[in-house]
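Before any comments, here is the structure.
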Amino acid sequence: MDTIAKLPDIAGKVEHHGSLADFIWFRTGGPAEWLVRPDSVDGLSAFLKALPKDVPVLPVGVGSNLIVRDGGVPGVVIRLPKGMAKLQAEPGNRIRVGAAAMGITVASAARDAGIAGLEFLRGIPGTVGGAVRMNAGAYGREVADILVEAMVVERDGTIRTWSKDQLGFTYRHSALPEGAVVIGALFEGTPGDPQAIGAEMDRIAAEREASQPLRSRTGGSTFKNPPGEKAWQLVDAAGCRGLRIGDAQVSEKHTNFLLNLDHATSEDIEALGEEVRARVKAKSGIELEWEIQRVGVSK
Numbered sequence: 001m002d003t004i005a006k007l008p009d010i011a012g013k014v015e016h017h018g019s020l021a022d023f024i025w026f027r028t029g030g031p032a033e034w035l036v037r038p039d040s041v042d043g044l045s046a047f048l049k050a051l052p053k054d055v056p057v058l059p060v061g062v063g064s065n066l067i068v069r070d071g072g073v074p075g076v077v078i079r080l081p082k083g084m085a086k087l088q089a090e091p092g093n094r095i096r097v098g099a100a101a102m103g104i105t106v107a108s109a110a111r112d113a114g115i116a117g118l119e120f121l122r123g124i125p126g127t128v129g130g131a132v133r134m135n136a137g138a139y140g141r142e143v144a145d146i147l148v149e150a151m152v153v154e155r156d157g158t159i160r161t162w163s164k165d166q167l168g169f170t171y172r173h174s175a176l177p178e179g180a181v182v183i184g185a186l187f188e189g190t191p192g193d194p195q196a197i198g199a200e201m202d203r204i205a206a207e208r209e210a211s212q213p214l215r216s217r218t219g220g221s222t223f224k225n226p227p228g229e230k231a232w233q234l235v236d237a238a239g240c241r242g243l244r245i246g247d248a249q250v251s252e253k254h255t256n257f258l259l260n261l262d263h264a265t266s267e268d269i270e271a272l273g274e275e276v277r278a279r280v281k282a283k284s285g286i287e288l289e290w291e292i293q294r295v296g297v298s299k
């Protein structure tokens with residue numbers, strides 16, 4: 001798996017064969033060849049500039065929508081520190097946030113500032129960086145609806161601001177190239193009453209609690225919703241509710257979630273997802289697309 005024996009110098013924390021399963025939501029998968037936690041944007045920029053161009057770079061937040069394969073991830077995995085999670089309300093119903101901030105933190109800060117329209121971030125369990133990269137969405141809204149611009153360290157170390165148009169958002173996708181690291185975002189909402197905003201956030205939280213397996217080892221929504229369809233309904237209609245491969249299971253509570261019941265491997269989880277896709281295709285003729293990002297190499 002190793003692609004580089006020695007890294008350029010960087011201030012922060014660097015681990016050779018650093019564990020990803022310690023924080024990835026599924027709690028499975030192999031290590032990063034190098035797990036790097038930079039302590040500053042400038043340090044990250046200099047590091048990427050000095051890193052040989054053929055070494056792959058993967059930014060990871062909290063791993064809430066990620067399968068890390070059992071052989072681990074070659075190259076460098078970048079995980080931003082809590083210091084890159086700062087938030088600041090700005091004039092014009094805007095809020096500037098660091099990419100390591102969690103969706104719920106952003107929604108709460110917007111509520112306190114009387115900025116409406118960001119409540120749906122309460123239902124997105126990942127970081128801002130991941131949300132921007134995949135145009136995350138929930139409850140009828142998505143990042144494209146609120147993003148003004150994103151601050152990015154590109155793979156060659158260039159620090160650049162990308163406008164929403166440059167990001168080319170489509171459903172659960174952006175035009176950000178591999179190896180680019182989102183370091184911040186500027187969101188814009190509309191004037192709102194903090195009490196009403198808080199009530200909508202509470203409604204979203206209650207709906208998630210009622211319908212999703214929040215206390216399980218899972219990876220969030222597994223498949224994208226096909227046009228005019230709901231992935232969970234297609235999975236259910238194909239008879240996959242509760243389906244298991246080893247300790248990997250299709251959730252009985254919400255069939256678009258896969259679970260690690262205890263000792264599942266990433267191979268088990270991915271194989272289960274592929275079996276679900278095959279059964280849905282056989283039943284409905286619809287080919288489900290993965291929403292969960294699958295990274296790394298097989299063991």
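When you number the sequence shown by the UniProt record's numbering, it's gap-free, plus one each residue, and the end is 299. Just so you know, even glycine gets a beta-carbon here, dropped at the ideal spot from N, CA and C. Here the structure is a predicted model, which is why all the values come from computation and not from measurement.
- Taking the Cβ atom as the reference point for each residue, do Val132 and Leu118 lie within a distance shorter than 8 Å? Not closer than 8 Å, so no.
- Task: Note down the Cα distance separating Asp39 from Lys49, rounded to an integer number of angstroms.
- Result: If I take the Cα positions, the gap works out to 16 Å.
- Item | Bridge partner(s) assigned by DSSP for Gly184 | Bridge partners of Gly184: Gly98 and Met151.
- Query: Among His17, Val97 and Gly123, which residue has its Cα nearest to the Cα of Ile78?
  - Reply: Among His17, Val97 and Gly123, the Cα nearest to that of Ile78 belongs to His17.
- Message: Rounded to whole angstroms, what is the Cα-Cα separation between Gly30 and Ala196?
- Response: As the crow flies, the alpha-carbon of Gly30 is around 44 Å from that of Ala196.
- Which class does Thr127 belong to by DSSP, given the choice of helix, strand or coil? Strand.
- Message: Counting C-beta neighbours from all protein chains within 10 Å, is the total for Lys6 16 or more, i.e. buried, or is it exposed?
- Response: Exposed, because fewer than 16 other Cβ atoms sit within 10 Å of the Cβ of Lys6.
- Item | Straight-line gap, Val68 to Glu267 (C-alpha atoms, nearest Å) | Looking at the backbone, the Cα of Val68 and that of Glu267 are separated by about 9 Å.
- Could you name the residues of the same chain whose beta carbon sits closer than 7 Å to that of Gly71, not counting the 5 residues immediately before and after it, in chain order? Cβ neighbours of Gly71 beyond the five flanking positions: Met1, Gly30, Gly296, Val297, Ser298 and Lys299.
- Just how far apart, CA to CA, sit Ile95 and Val152? Looking at the two C-alpha atoms, the distance is approximately 17 Å.
- Task: Could you tell me the boundaries of the alpha helix (DSSP H) in which residue 300 lies?
- Result: Outside the shown range of the chain (1 to 299) lies residue 300, about which nothing can therefore be said.
- Within the stretch 42-128, note down every full alpha helix (DSSP H) run reaching 4 residues or more, in order along the chain. Secondary structure remark: continuous alpha helix (DSSP H) runs of at least 4 residues inside the stretch 42-128, in chain order: 103-112.
- Environment of Gln249 [buried if 16+ CB atoms lie within 10 Å]: The residue in question, Gln249, is buried, as its Cβ has 16 or more Cβ neighbours within 10 Å.
- Can you name, in chain order, every residue of its own chain whose Cβ lies under 7 Å from the Cβ of Thr127, other than the five neighbours on each side? Within the same chain, and ignoring the five residues on either side of Thr127 in sequence, the residues whose Cβ sits closer than 7 Å to its Cβ are Gly61, Val62, Ala99, Ala100, Ala101 and Met102.
- Report yes or no: do the stretch 214-233 and the stretch 255-270 share at least 3 C-beta pairs separated by less than 8 Å? In this structure the stretch 214-233 lies against the stretch 255-270, because at least three pairs of beta carbons, one per stretch, are closer than 8 Å.
- Secondary structure at Gln293, three-state DSSP: helix, strand or coil? Judged by DSSP in its simplified three-state form, Gln293 adopts strand.
- First through last residue of the beta strand (DSSP E) which encompasses residue 361: Because the chain in this structure spans residues 1 to 299, residue 361 falls outside the shown range and cannot be described.
- Taking the alpha-carbon positions, what's the Ala150 to Ser163 distance? Rounded to the nearest angstrom, the two C-alpha atoms are 6 Å apart.
- Looking at C-alpha atoms only, which residue of Asp262, Val14, Arg241 and Gly184 is the closest neighbour of Asp247? Closest option to Asp247, Cα to Cα, is Asp262.
- Task: Using the Cα positions of Ile104 and Gly83, report the straight-line distance between them to the nearest angstrom.
- Result: Straight-line measurement puts the Cα of Gly83 at about 17 Å from the Cα of Ile104.
- Option in Gln166, Tyr171, Arg111 and Arg160 with minimal Cα separation from Gly140: The shortest Cα separation from Gly140 among Gln166, Tyr171, Arg111 and Arg160 belongs to Tyr171.
- Task: Please determine if the stretch 227-239 and the stretch 185-194 are in contact, where contact requires at least 3 C-beta pairs separated by less than 8 Å.
- Result: Counting C-beta pairs with one atom in each stretch, the stretch 227-239 and the stretch 185-194 have fewer than three that are closer than 8 Å, which means they do not touch.
- Excluding the five sequence neighbours on either side, which residues of its own chain have a C-beta within less than 7 Å of the C-beta of Arg160, listed in chain order? Closer than 7 Å at Cβ, skipping near neighbours: Val152 and Glu154.
- Task: Starting from the C-beta of Ser108, find all residues in its chain whose C-beta is less than 7 Å away, skip the five residues before and the five after it, and write them out in chain order.
- Result: Sequence-distant Cβ neighbours of Ser108 in its own chain, meaning closer than 7 Å and more than five residues away, do not exist here.
- Task: Decide if Ser211 is buried, meaning its Cβ has at least 16 other Cβ atoms within 10 Å, or exposed.
- Result: When all chains shown are included, Ser211 counts as exposed.
- Task: Look at the Cβ atom of Ala237, then the Cβ atom of Ser174, and state whether they are nearer than 8 Å.
- Result: Not closer than 8 Å, so no.
- Message: On a Cα-Cα basis, can you pick out the residue from Pro81, Gly43 and Gly130 that is closest to Asn65?
- Response: Comparing alpha carbon positions, the residue from Pro81, Gly43 and Gly130 closest to Asn65 is Gly130.
- Secondary structure of Glu142, DSSP reduced to three states: In this structure, Glu142 counts as strand in the three-state DSSP scheme.
- Task: Specify the secondary structure class of Ile35 as computed by DSSP and reduced to three states.
- Result: The question names Ile, but residue 35 in the sequence shown is Leu. Strand, per DSSP.
- In chain order, what residues of the same chain have a beta carbon less than 7 Å from the beta carbon of Ile10, not counting five sequence neighbours either side? In its chain, beyond the 5 residues on either side, Val36, Pro38, Gly43 and Phe47 have a beta carbon closer than 7 Å to the beta carbon of Ile10.
- Beta carbon of Asp193 nearer than 8 Å to that of Gly114: Contact: yes.
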